[in-house]
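*Asks:* Chains as they are written, first to last, in my numbering: chain S, 1 to 387; chain X, 388 to 645.
Yeah, the Cβ is synthetic: ideal placement off N, Cα and C, and Gly gets one too.
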Amino acid sequence: MDFELSDEQQQFRGVVREFAEAEIAPNAQVWDRDHTFPVETVLAMGRLGLFGLVFPTEYGGASADFATYCVALEEIARVDSSMAITLEAGVSLGAAPFFYDGTEAQKQEYLVPMVAGEVLGAFGLTEADAGSDAGNTRTTANLDHSREKWTVNGQKTFITNSGTPITKCVTVTARTNSDTTGPPEISTIVIDSGTEGFTVMPAYRKMGWHASDTHELVFDNCEVPADHLLGEPGGGLKSFLRILDDGRIAIAALAVGVIQACLEQSVEHAKGRNAFGGPIGRYQSIAFKCSDMAVSLENARNLIYKAAWLRDKGRPIRRAAAMAKLYATEAAVRATSDAVQIFGGYGFMDDTPVSRYYRDAKILEIGEGTSEIQRLVLARDLGLPVE
Amino acid sequence: MNVVVCVKQIPDPSVPGQLEADHTLDRSAKPILDESDSFGVEMALQLVDAAGGGEVTLISLAPNGEVSGLRTALAMGAAKAVLASDDAFAGTDALGTAKVLAKCIERVGDADLVLAATESSDGYTGTVPVQVAELLGWPALTFAKKVDIADGVVTIQRQTEAGYDVVQSSLPAVVSVTAGVVEPRYPSFKGIMAAKSKPVDNVTAADLGLDGQVGWAGARQSIVKVEQAPARLAGEKFEDDGTAAEKIVAFLEDLKVI
Chain S
1 MDFELSDEQQ QFRGVVREFA EAEIAPNAQV WDRDHTFPVE TVLAMGRLGL FGLVFPTEYG
61 GASADFATYC VALEEIARVD SSMAITLEAG VSLGAAPFFY DGTEAQKQEY LVPMVAGEVL
121 GAFGLTEADA GSDAGNTRTT ANLDHSREKW TVNGQKTFIT NSGTPITKCV TVTARTNSDT
181 TGPPEISTIV IDSGTEGFTV MPAYRKMGWH ASDTHELVFD NCEVPADHLL GEPGGGLKSF
241 LRILDDGRIA IAALAVGVIQ ACLEQSVEHA KGRNAFGGPI GRYQSIAFKC SDMAVSLENA
301 RNLIYKAAWL RDKGRPIRRA AAMAKLYATE AAVRATSDAV QIFGGYGFMD DTPVSRYYRD
361 AKILEIGEGT SEIQRLVLAR DLGLPVE
Chain X
388 MNVVVCVKQI PDPSVPGQLE ADHTLDRSAK PILDESDSFG VEMALQLVDA AGGGEVTLIS
448 LAPNGEVSGL RTALAMGAAK AVLASDDAFA GTDALGTAKV LAKCIERVGD ADLVLAATES
508 SDGYTGTVPV QVAELLGWPA LTFAKKVDIA DGVVTIQRQT EAGYDVVQSS LPAVVSVTAG
568 VVEPRYPSFK GIMAAKSKPV DNVTAADLGL DGQVGWAGAR QSIVKVEQAP ARLAGEKFED
628 DGTAAEKIVA FLEDLKVI
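1. Tell me whether T164 of chain S sits in a helix, a strand or coil according to DSSP, three-state version.
2. Determine the direct distance from the alpha carbon of G369 of chain S to that of L406 of chain X, and round the result to whole angstroms.
3. Between the beta-carbon of P450 of chain X and the beta-carbon of R494 of chain X, is there less than 8 Å?
4. Thinking C-beta only, is L432 of chain X closer than 8 Å to M388 of chain X?
5. What are the boundary residues of the beta strand (DSSP E) that E407 of chain X is part of?
6. CA-CA distance, V354 of chain S and R545 of chain X?
7. Is any heavy atom in the ligand HEM found nearer than 7 Å to the beta carbon of E148 of chain S?
8. Using a Cβ-Cβ cut-off of 8 Å, state whether F55 of chain S counts as contacting chain X.
9. At the 8 Å Cβ level, is I579 of chain X part of the contact set with chain S, yes or no?
10. DSSP state of N302 of chain S, grouped into three classes?
11. Based on DSSP bridge pairs, tell me the residues matched to E127 of chain S.
12. For A537 of chain X, which residues does DSSP report across the bridge?
13. Rounded to the nearest angstrom, how far is the Cβ of V517 of chain X from that of T505 of chain X, given a contact under 8 Å?
14. Among residues of its own chain, excluding the 5 on either side of K168 of chain S, which ones have a beta-carbon nearer than 8 Å to its beta-carbon?
15. Which residues of chain S have a Cβ atom closer than 7 Å to the Cβ of F576 of chain X, listed in chain order?
16. How is the alpha helix (DSSP H) around V39 of chain S delimited, first residue to last?
17. Work out the CA separation of G440 of chain X and A340 of chain S for me, nearest whole Å.
18. Comparing the C-beta of Y511 of chain X with each C-beta of chain S, is any distance below 8 Å?
19. What is the DSSP secondary structure of W150 of chain S, counted as helix, strand or coil?
20. Check the C-beta distance from L93 of chain S over to G208 of chain S and give it rounded, since I have them as a contact under 8 Å.
21. Could you spell out the range, first to last residue, of the alpha helix (DSSP H) harbouring P26 of chain S?
22. Give the DSSP-derived three-state secondary structure of F426 of chain X in the structure shown.
23. Residues in the same chain with beta-carbon distance under 6 Å from D399 of chain X, minus the five sequence neighbours each way, listed in chain order, please.
24. Roughly how many whole angstroms lie between the Cα atoms of V554 of chain X and P26 of chain S?
25. Return the bridge partner residues of E223 of chain S from the DSSP annotation.
26. Classify R349 of chain S: buried if its beta carbon has 16 or more other beta carbons within 10 angstroms, exposed otherwise.
27. Alpha carbon to alpha carbon, how far is L48 of chain S from S371 of chain S?
28. So, are the CB atoms of A489 of chain X and L457 of chain X less than 8 Å apart?
29. Quick one: grab the DSSP three-state call for V394 of chain X.
30. Within this structure, are the beta carbons of D351 of chain S and H210 of chain S separated by less than 8 Å?
31. Cβ of F19 of chain S less than 8 Å from any chain X Cβ?
32. Work out the CA separation of G60 of chain S and I579 of chain X for me, nearest whole Å.
33. Going along chain X, which residues have a C-beta under 8 Å from E118 of chain S?
34. So which residues of chain S does K583 of chain X contact, with C-beta pairs closer than 8 Å?
35. For H215 of chain S, which residues does DSSP report across the bridge?
36. Might you give, ordered along the chain, the residues of its own chain that have their beta carbon closer than 7 Å to the beta carbon of R242 of chain S, omitting 5 neighbours on each side?
Given below as structure tokens:
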């Protein structure tokens, strides 16, 4: 058994931390305030190779293991969750579908520039009345065999990275059977940005993740070539479940970065802020919050590395990914809340990073499968007849 | 176009430094690449890239066979390294260091250009690059804030107080570069993994034919004493009784700053 990251992974953590502190941290507050998607910094993350870590070298990636990707997400999230979710969505939702299901031609056209971090892909699953219950998907794609074109109609909600200046495409799940009485056949269709009939609605106003790009997408008789089917017809559900399992570990890694930052900043503040004649860290009400945060950080980190290890061994990860995501994201929400409490009035001010962390954390319990969905996955895994 | 870059592996400046009993810096902890050398490494990589061929070789003098700083520069893209590490080097002064580096450059053999930082961030003697050039019998161009190579000629902009001088020489030459000559890249994970297997040629004083010329025995300098810098003295205060302006002008004129 070995709990150490390799020398190279530790060195890489140092590089990503240096990058995050130099290129992201000084700007995060302003990006948050102004709702700026910082294209140049995202491209710089691409040059650093962050978007290609887990993909094979033949497509320009680094063939790194999943733990290395988790390390990168942790370090970016430690300074800015918005940038971390841009990375996570770019890799786990944008590029991964092409890696898993793309033809060689699709990989060359889409995966290669995504791995290089030159373009982003987005993944459209959620709709107004369909999320984790993807079987209720209402978006349709009909193939006209004579014209060799798909016609896509419908809408998608909360789609990350879908409207940036470097978004190349969005892959959407859609019903591809015309027979509406039988079970739905869900397939994945690639729609290039700028295609006629594809409208990116104005950016959402959100509680947090202000520097991340999120839109509603509308497809109105949007036509794409027949070869824009990604994977097998009807393979959409299976495909997105695999993508979400990976994504859950990645979101958990992002949560670990948030807890790490809260712990560091809380401890520093507890040592430096004086009240009633001494540092507030001498009060157990403050100190023990930090102790609990340290425990949850350790637990969360061990869960994500274990899940990443299982994934790299090719073992089943559904349970480990659900546990990691459930635990780490709820611990992150608690850590940000405790950090704000430790910072007191300062914690409520925009100038204090933990106030941004607090707003940014809640979505972690929601995106890529809510906490409730994770508990459902785990209850079913235990053999319970839960609905 | 082959470029050799002199790099120093120094104690991490973010950790408070300790001195040994002999007044030298405690170098027992894992060292890092001197940040001032990352500019030379980046410059070298860009020059080789622009030339369309060749490679970047690192040379370094370090105790205990330390390679962690070299690995950072190899991860940035340098092809290989020569590491001079030997107990016999302990106590080597600036000139001795230059002798070691000059021998390493000769060992590399095919260098068109040698880059170094203007000075290291731990020793700050600022003398090594010109000493290396002298020992090799090559031109030294110093304080470069811009470096161009064309047709076997190196042209630099030499930083001065007022602006810059344009200085040219034939190759091979030694050029010292300032911080900011280029923006150093961050090593990628792919680069870090590749660096693991890049060759590091470990050499001793004997390998370089420098037995007895380096280390404490060969040093012409010694550190006699190390003291705290004196605290800054309080400045002169002028109470404004209506004549303060004239007094300040007179004060500044005395200093010949106006």
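*Replies:* This is what the structure holds:
1. coil
2. 55 Å
3. no
4. no
5. Per DSSP, E407 of chain X belongs to no beta strand (DSSP E) and is neither H nor E.
6. 46 Å
7. The ligand HEM is absent from the structure shown, which contains no ligands of any kind.
8. no
9. yes
10. helix
11. S:A130
12. X:V540
13. V517 of chain X to T505 of chain X, Cβ: 10 Å. No contact.
14. Y110, P113, M114, V119, L120, G121, D192, S193
15. F12, G49, L53, A62, A64, T68
16. 39-47
17. The question names Ala, but residue 340 of chain S in the sequence shown is Val. Straight-line Cα distance between these residues: approximately 55 Å.
18. no
19. strand
20. So it is not a contact: roughly 18 Å between Cβ atoms.
21. 25-34
22. helix
23. I419
24. 38 Å
25. S:T151
26. The amino acid occupying residue 349 of chain S in the given sequence is Met; Arg does not appear at that position. That one is exposed.
27. 32 Å
28. no
29. coil
30. no
31. yes
32. 15 Å
33. Residues of chain X passing the Cβ test: none, with the nearest at roughly 15 Å.
34. E8
35. S:I159
36. Y100
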